[in-house]
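Sequence order for the protein chains is A and B. Every letter in the first sequence is one number past the one before it in my numbering, and letter 26, counting from 1, is 26. Every letter in the second sequence is one number past the one before it in my numbering, and letter 4, counting from 1, is 216. We put the CB at the ideal spot given by N, CA and C, even for glycine. Below is one structure; the comments refer to it alone.
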Amino acid sequence: MNVFRLAGDLSHLLAIIILLLKIWKTRSCAGISGRSQILFALVYTTRYLDLFTNFISLYNSVMKVFFISTSCATIYLMYVKFKATYDHNHDTFRIGFLLIPVTILGLLINHDFTPLEVLWTFSIYLESVAILPQLFMVSKTGDAETITSHYLFCLGLYRALYIFNWIYRYYFEGFYDLIAIVAGVVQTVLYCDFFYLYVTRVIKGKALKLPA
Amino acid sequence: DEHLKSHDEL
Chain A
1 MNVFRLAGDL
11 SHLLAIIILL
21 LKIWKTRSCA
31 GISGRSQILF
41 ALVYTTRYLD
51 LFTNFISLYN
61 SVMKVFFIST
71 SCATIYLMYV
81 KFKATYDHNH
91 DTFRIGFLLI
101 PVTILGLLIN
111 HDFTPLEVLW
121 TFSIYLESVA
131 ILPQLFMVSK
141 TGDAETITSH
151 YLFCLGLYRA
161 LYIFNWIYRY
171 YFEGFYDLIA
181 IVAGVVQTVL
191 YCDFFYLYVT
201 RVIKGKALKL
211 PA
Chain B
213 DEHLKSHDEL
């Protein structure tokens, strides 16, 4: 564990807490893509199956349980409790366009052709693109609530910090995992446009509105 | 297995 990874994990944790607080406090999931949230729930459940087969540390297990349970809770809030506030007219990204290529890629390019390993690889690839329905929704409506933009910033920052963690591990442990690195870089690049808007607008106290 | 080291990440 190095400082970049810890910061990345905390940023990830903060993103999810911000999202849940936004939904709970405003009693609304307006502006949040249910499709992205479904993809994230799929990411956590397929990646953390090793929770039952491989104990790494208490920290690791607690975080895994947190990510799986909060992603299920988010889906419950969006599709059951606050269903009336879910903005499904703007949440129209076809997730099959992501799921099919990611499944094929996971079956073809992996470290080991075993069920757990293929699922781990699938989750890494899926995570890299899972935010696309959300970014598509923001671009479609042309704006995002400030709290939603904080959520997106923390979620994007988490994988960017992981890239520094991988650079650190390469230099100091001689370890690298190309699948994680390539997917992590793709994931971070997808946020770049949003990062630019966040820094130039939200930090200066303006709402996140896309240029017309 | 070397790649399993990455599985301790989240």
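- Note on PHE55 of chain A: under 16 other CB atoms within 10 angstroms of its CB, so exposed under the neighbour-count rule.
- ALA30 of chain A is not bridged by DSSP to any residue.
- Within chain B, the residues placing a beta-carbon under 8 angstroms from that of TRP120 of chain A are HIS219, ordered along the chain.
- With a contact defined as Cβ atoms closer than 8 angstroms, ASP50 of chain A and LEU116 of chain A qualify at about 6 angstroms.
- Within a 10 Å sphere around the beta-carbon of GLU173 of chain A sit fewer than 16 other beta-carbons, which makes this residue exposed.
- For the pair TYR191 of chain A and TYR198 of chain A, the Cα-to-Cα distance works out to about 10 angstroms.
- For ASN60 of chain A, the enclosing alpha helix (DSSP H) has its first and last residue at 58-76.
- Here the C-alpha atom of LYS217 of chain B lies approximately 42 angstroms from the C-alpha atom of ASN89 of chain A.
- Of all alpha-carbon atoms in A:CYS29, A:GLY96, A:THR46 and A:LEU99, the one lying nearest the alpha-carbon of ILE75 of chain A is that of A:CYS29.
- Against chain B, the CB of ASN60 of chain A has a partner CB under 8 angstroms away; the residue lies at that interface.
- For ILE167 of chain A, the enclosing alpha helix (DSSP H) covers residues 146-173.
- In the three-state reduction of the DSSP assignment, ASP50 of chain A falls in the helix class, which pools H, G and I.
- According to DSSP, residue pairing for LEU208 of chain A in a beta bridge involves A:ALA144.
- Annotation for PHE194 of chain A: LEU135, LEU152 and GLY156 place their beta carbon closer than 7 angstroms to its own, counting only its chain and skipping 5 residues before and after.
- Sequence-ordered contacts of the stretch 80-92 of chain A with chain B are nonexistent [C-beta pairs closer than 8 angstroms].
- The Cβ atoms of ALA207 of chain A and ILE124 of chain A do not sit closer than 8 angstroms to each other.
- Between PHE122 of chain A and THR46 of chain A, the beta carbon gap of about 6 angstroms places them in contact (Cβ cut-off 8 angstroms).
- Going by C-alpha positions, GLU214 of chain B is about 22 angstroms away from VAL3 of chain A.
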